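**Q** Sharing a structure here in structure tokens format.
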Amino acid sequence: MEDNCFVLHGSVVFSRSKEELEEYKEAYLVCEDGLCAGVYEELPDRYKDFPVEDFWDNLIIPGLVDLHVHAPQYNYRGTGMDMELIDWLNKVTFPEEVKFRDRLYAERSYDMFVEDLYEGATTRAAVFATADVPSTVKLMDLLEDSGLVSFVGKVNMDRNVPDYYCETTQQSLEATKKWLHRIRGRYVNTFPILTPRFTPTCTDALMSGLAEIAEKENLPVQSHLSENPREIAWVKELEKDTEFYGQAYDKFGLFGGKHPAIMAHCVYSGEAETALMKKNGVFIAHCPASNTNLASGIAPVRRYLDMGMKVALGSDVAGGTETSVFKAMKDAVECSKLRWRLQDQSLAPLKLPEAFYMGTEAGGSFFGKVGSFKKGYEFDAVVLDDSNLQSMKEFTPAERLERLVYLSDDRNVVGKYVRGWKLY
Ligand code: GUN
Ligand code: FE
Numbered sequence: 070m071e072d073n074c075f076v077l078h079g080s081v082v083f084s085r086s087k088e089e090l091e092e093y094k095e096a097y098l099v100c101e102d103g104l105c106a107g108v109y110e111e112l113p114d115r116y117k118d119f120p121v122e123d124f125w126d127n128l129i130i131p132g133l134v135d136l137h138v139h140a141p142q143y144n145y146r147g148t149g150m151d152m153e154l155i156d157w158l159n160k161v162t163f164p165e166e167v168k169f170r171d172r173l174y175a176e177r178s179y180d181m182f183v184e185d186l187y188e189g190a191t192t193r194a195a196v197f198a199t200a201d202v203p204s205t206v207k208l209m210d211l212l213e214d215s216g217l218v219s220f221v222g223k224v225n226m227d228r229n230v231p232d233y234y235c236e237t238t239q240q241s242l243e244a245t246k247k248w249l250h251r252i253r254g255r256y257v258n259t260f261p262i263l264t265p266r267f268t269p270t271c272t273d274a275l276m277s278g279l280a281e282i283a284e285k286e287n288l289p290v291q292s293h294l295s296e297n298p299r300e301i302a303w304v305k306e307l308e309k310d311t312e313f314y315g316q317a318y319d320k321f322g323l324f325g326g327k328h329p330a331i332m333a334h335c336v337y338s339g340e341a342e343t344a345l346m347k348k349n350g351v352f353i354a355h356c357p358a359s360n361t362n363l364a365s366g367i368a369p370v371r372r373y374l375d376m377g378m379k380v381a382l383g384s385d386v387a388g389g390t391e392t393s394v395f396k397a398m399k400d401a402v403e404c405s406k407l408r409w410r411l412q413d414q415s416l417a418p419l420k421l422p423e424a425f426y427m428g429t430e431a432g433g434s435f436f437g438k439v440g441s442f443k444k445g446y447e448f449d450a451v452v453l454d455d456s457n458l459q460s461m462k463e464f465t466p467a468e469r470l471e472r473l474v475y476l477s478d479d480r481n482v483v484g485k486y487v488r489g490w491k492l493y
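Residue numbers 70 to 493, in our numbering, belong to the letters of the sequence shown in order.
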């Protein structure tokens with residue numbers, strides 16, 4: 070029998086739909102050839118030969134998905150948060166990211182970042198590296214060794230970045246090609262994604278060159294969009310031929326459609342931008358902690374969900390302080406309540422099952438059939454021991470999940486499976 074045919078026994082929770090959880094107090098979760106073969110209250114005869122791992126009443130849920138995180142920013146989490154986006158980039162972010170040209174510094178930093186992801190409940194991530202190629206390859210090597218599945222991008226920037234960190238258009242494109250060449254055929258679980266940082270730091274010439282690479286190599290794209298008022302005003306100045314921010318990506322085909330795209334934030338996306346994102350199937354990475362820390366605002370997630378758009382969660386470390394996607398779920402719910410109370414009562418607050426869906430199946434769909442225990446999904450699971458969260462009260466599995474979202478940390482994560490392989 071294949072190694073990745075097995076059964077986990079425990080309490081099981083996953084999303085039945087965008088709004089509803091499916092919960093089992095006691096169930097058998099079957100993995101067959103790396104894919105989920107269903108959740109059963111009684112184990113069907115055809116799986117009787119599969120080895121069973123008994124997690125008793127621990128909770129088993131799909132692995133969490135962080136659709137927007139900056140690996141090099143892990144070093145300065147929890148500092149420098151009394152600025153808005155543009156000042157923060159210039160004063161904190163760029164001076165730190167440039168240090169990753171130092172091999173040892175980069176390797177040690179990325180080791181810490183990857184260890185943090187490995188220890189938590191995240192199984193998949195879309196990651197920004199820096200503009201530097203050797204350290205970006207190192208990050209990909211470390212992520213591959215971890216057993217997690219990720220998209221990783223060498224960052225592109227050719228304007229409005231301090232000289233010590235800025236690339237020329239040609240340097241940026243050549244470095245990108247060199248990076249793609251170096252990693253070709255090197256990984257099973259680690260994939261490249263084109264990463265123009267955001268419109269203010271990318272000329273049309275750079276975008277156009279990246280579009281050619283996207284076409285030739287058939288690559289997805291990740292970037293930032295409509296995050297902060299000063300940034301948006303700046304894009305209006307820089308991109309006189311566009312009517313809204315997203316067009317600056319779309320005019321080069323870097324805004325979904327043929328090449329899947331993740332756009333982080335979308336706090337201030339207007340009607341036309343939203344309609345284009347919907348049409349092109351752009352993934353929105355909602356990053357509530359970052360939007361709070363950088364005083365950017367609160368994205369209208371309820372509107373996006375009601376429109377049937379793809380809205381996932383991002384930690385956006387180090388705009389967000391923690392890599393935990395549970396924390397992002399909690400922040401998403403809390404921020405939506407403040408938005409509803411203080412800003413716009415036409416958009417109802419998010420409920421926990423919706424935030425859970427965003428952090429599992431919605432984000433997972435960027436990777437294929439991922440983020441659920443429905444049949445045929447790739448088998449990513451985390452096992453959670455909540456016995457330290459003391460209470461006299463009895464809880465249903467869904468309530469236990471809710472408590473874990475609000476109260477857990479890495480110590481609660483006691484088992485992890487990715488694509489049917491056991492990491493621990
Ligand atoms: N926009 C451009 N770069 C960044 C970044 O590193 N973090 C955030 N939050 N927004 C950005
Ligand atoms: Fe970001």
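Where a beta carbon is used, it is the ideal one built from N, C-alpha and C, also for glycine. Only a predicted model underlies this, so the values are computations on that prediction, with no experimental measurement involved.
Measure the C-alpha to C-alpha separation of L112 and Y97 and round it to an integer number of angstroms.
**A** Position 43 of the sequence shown, counted from the start, is the residue given in the question as residue 112. Position 28 of the sequence shown, counted from the start, is the residue given in the question as residue 97. So the alpha carbons of these two residues sit roughly 6 Å apart.
**Q** On the CB-based measure, 16 or more other CB atoms within 10 Å of its CB, does V257 come out buried or exposed?
**A** By 1-based counting over the sequence shown, the position of residue 257 is 188. The C-beta of V257 has fewer than 16 other C-beta atoms within 10 Å across all chains shown, which makes the residue exposed.
**Q** Any heavy atom of ligand 1 closer than 6 Å to the Cβ of T390?
**A** Residue 390 sits at position 321 when you count from the first residue of the sequence shown. For ligand 1, no non-hydrogen atom lies closer than 6 Å to the CB of T390.
**Q** May I ask whether a heavy atom of ligand 1 can be found less than 6 Å away from the beta carbon of T465?
**A** Against the sequence shown, residue 465 aligns to sequence position 396. The answer is no for T465.
**Q** Within the present structure, is the beta-carbon of S359 separated from the nearest heavy atom of ligand 1 by less than 6 Å?
**A** As a first step, residue 359 must be located in the sequence shown, where it is residue number 290. At least one heavy atom of ligand 1 is nearer than 6 Å to the Cβ of S359, so yes.
**Q** When the Cα atoms are used, what is the spatial distance from K347 to F124?
**A** As a first step, residue 347 must be located in the sequence shown, where it is residue number 278. As a first step, residue 124 must be located in the sequence shown, where it is residue number 55. Approximately 41 Å, taken between the alpha carbons.
**Q** Please confirm whether any heavy atom of ligand 3 lies closer than 6 Å to the CB of R266.
**A** Although ligand 3 was asked about, the structure shown includes only ligand 1 and ligand 2 as ligands.
**Q** On a CA-only basis, which of L473, V439 and K438 is nearest D455? Give me that one, please.
**A** Taking the sequence shown and counting its residues from 1, one reaches residue 455 at position 386. Among L473, V439 and K438, the Cα nearest to that of D455 is on L473.
**Q** Scan the segment 299-379 and note each continuous beta strand (DSSP E) run of 3 residues or more that stays entirely inside, going in chain order.
**A** Complete beta strand (DSSP E) runs here, min 3: 330-334 and 352-355.
**Q** Report yes or no: do three or more beta-carbon pairs, one from the segment 141-153 and one from the segment 424-442, lie closer than 8 Å?
**A** no
**Q** Between the alpha carbons of F464 and F321, how many angstroms are there, rounded?
**A** Along the sequence shown, read from residue 1 onward, the residue named residue 464 stands at position 395. Along the sequence shown, read from residue 1 onward, the residue named residue 321 stands at position 252. In this structure, the CA atom of F464 is about 51 Å from the CA atom of F321.
**Q** Using DSSP with H/G/I as helix, E/B as strand and the rest coil, what is Y446?
**A** Numbered from 1 along the sequence shown, position 377 holds the residue referred to as residue 446. Note: Y446 maps to coil in three-state DSSP.
**Q** Secondary structure at C105, three-state DSSP: helix, strand or coil?
**A** The residue given as residue 105 occupies position 36 in the sequence shown. In the structure shown, C105 sits in a strand (DSSP, three-state: E or B).
**Q** Can you give me the start and stop residues for the alpha helix (DSSP H) that D210 sits inside?
**A** Within the sequence shown, the letter at position 141 stands for residue 210. That run of the alpha helix (DSSP H) goes V202 to S215.
**Q** Could you give the DSSP three-state label for R228: helix, strand or coil?
**A** Within the sequence shown, residue 228 is the residue found at index 159, counting from 1. Residue state, collapsed to three classes: coil.
**Q** For ligand 1, I want to know if H328 counts as a neighbour, meaning its beta carbon is within less than 6 Å of at least one of the ligand's heavy atoms.
**A** Taking the sequence shown and counting its residues from 1, the one referred to as residue 328 is at position 259. The answer is no for H328.
**Q** Just to check, is the beta-carbon of D151 closer than 6 Å to a non-hydrogen atom of ligand 1?
**A** As a first step, residue 151 must be located in the sequence shown, where it is residue number 82. Not under cutoff, so the answer is no.
**Q** Taking only the alpha-carbon atoms, compute the straight-line gap between Y234 and P203 and give it to the nearest angstrom.
**A** As a working mapping, residue 234 is identified with position 165 in the sequence shown. As a working mapping, residue 203 is identified with position 134 in the sequence shown. Going by C-alpha positions, Y234 is about 15 Å away from P203.
**Q** To which residues of the same chain is M150 closer than 7 Å at the C-beta, ignoring the five residues directly before and after it?
**A** Working through the sequence shown from its first residue, we reach residue 150 at position 81. Hits under 7 Å: N362.
**Q** Any heavy atom of ligand 2 within a distance shorter than 6 Å of the CB on D156?
**A** Working through the sequence shown from its first residue, we reach residue 156 at position 87. Checking the Cβ of D156 against ligand 2 gives no.
**Q** Assuming A195 contacts Q291 under a Cβ cut-off of 8 Å, what Cβ separation, rounded to an integer in Å, is found between them?
**A** Indexing the sequence shown from 1 puts residue 195 at position 126. Indexing the sequence shown from 1 puts residue 291 at position 222. A Cβ-Cβ distance of about 6 Å is found for the pair A195 and Q291, placing them in contact under the 8 Å criterion.
**Q** What are the residues that DSSP puts in a beta bridge with A194?
**A** What you label residue 194 is simply residue 125 of the sequence shown in a count that begins at 1. D135 and S219, per the DSSP bridge assignment.
**Q** Which same chain residues end up closer than 7 Å to F313 when comparing Cβ atoms and leaving out the 5 residues on each side of it in sequence?
**A** Residue mapping note: residue 313 aligns to position 244 of the sequence shown, counting from 1. Hits under 7 Å: G339, A341 and E342.
**Q** Mind checking V121: buried by the 16 CB within 10 Å criterion, or exposed?
**A** Sequence index remark: in the sequence shown, residue 121 carries index 52 (1-based). Under this definition V121 is an exposed residue.
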